[in-house]
Amino acid sequence: MFLRGRPVPMMIPDELAPTYSLDTRSELPSCRLKLDWVYGYRGRDCRANLYLLPTGEIVYFVASVAVLYSVEEQRQRHYLGHNDDIKCLAIHPDMVTIATGQVAGTTKEGKPLPPHVRIWDSVSLSTLHVLGL
1 MFLRGRPVPM MIPDELAPTY SLDTRSELPS CRLKLDWVYG YRGRDCRANL
51 YLLPTGEIVY FVASVAVLYS VEEQRQRHYL GHNDDIKCLA IHPDMVTIAT
101 GQVAGTTKEG KPLPPHVRIW DSVSLSTLHV LGL
């Protein structure tokens, strides 16, 4: 199996191994997963990536997700506009508009994807502009 052009080893349960085939198509599940909570913080190789918004939320990023964490309510909201690791974050002086930049990546077919910056609204979590695509 390949994920973003890279091979990913899979462990198949023993009871399914004799009949498993990568060529077999399965039915899609009737329900969809919804992101509830993101654990972690990317501080090892990034700096100036943790901000406090006027709403009381702390904004930071983990992998391809920008997290807006409300300490008071103990809940998270997530900006999911990126498809690869976020490496930088900046807040506009209006304290509502946020810019996040992601690394270069690859498609499922192995084609390179350029790095880009997404500018988005921290209230509605909607993308306002994309630079670099």
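Using the UniProt record's numbering, the letters of the sequence shown correspond one by one to residues 1 to 133. Ideal placement from N, C-alpha and C gives every residue a C-beta, glycine not left out.
DSSP-derived helix/strand/coil call for residue i
i, result
"residue 19", "helix"
"residue 29", "coil"
"residue 70", "strand"
"residue 37", "coil"
"residue 104", "coil"
"residue 77", "strand"
"residue 24", "coil"
"residue 117", "strand"
With 16 other Cβ atoms within 10 Å as the buried cut-off, status of residue i
i, result
"residue 37", "exposed"
"residue 59", "buried"
"residue 67", "buried"
"residue 26", "exposed"
"residue 12", "exposed"
"residue 118", "buried"
"residue 89", "buried"
Beta-carbon proximity list for residue i, same chain, < 7 Å, skipping 5 on both sides
i, result
"residue 2", "8 and 108"
"residue 138", "Residue 138 cannot be examined here, being either before or after the span of the chain that is shown, 1 to 133."
"residue 106", "4, 5, 112 and 113"
Spatially closest choice to residue i from the options, by CA coordinates
i, options, result
"residue 113", "97, 126 and 85", "85"
Integer Cβ distance of residue i from residue j, believed to fall under 8 Å
i, j, result
"residue 93", "residue 102", "Going by Cβ atoms, the distance from residue 93 to residue 102 rounds to 23 Å, so no, they are not a contact pair."
"residue 128", "residue 77", "Incorrect: roughly 17 Å between the Cβ atoms, too far for contact."
"residue 121", "residue 97", "6 Å"
"residue 57", "residue 69", "6 Å"
"residue 91", "residue 51", "5 Å"
Cβ neighbours of residue i in the same chain (closer than 8 Å, five flanking residues each side left out)
i, result
"residue 15", "none"
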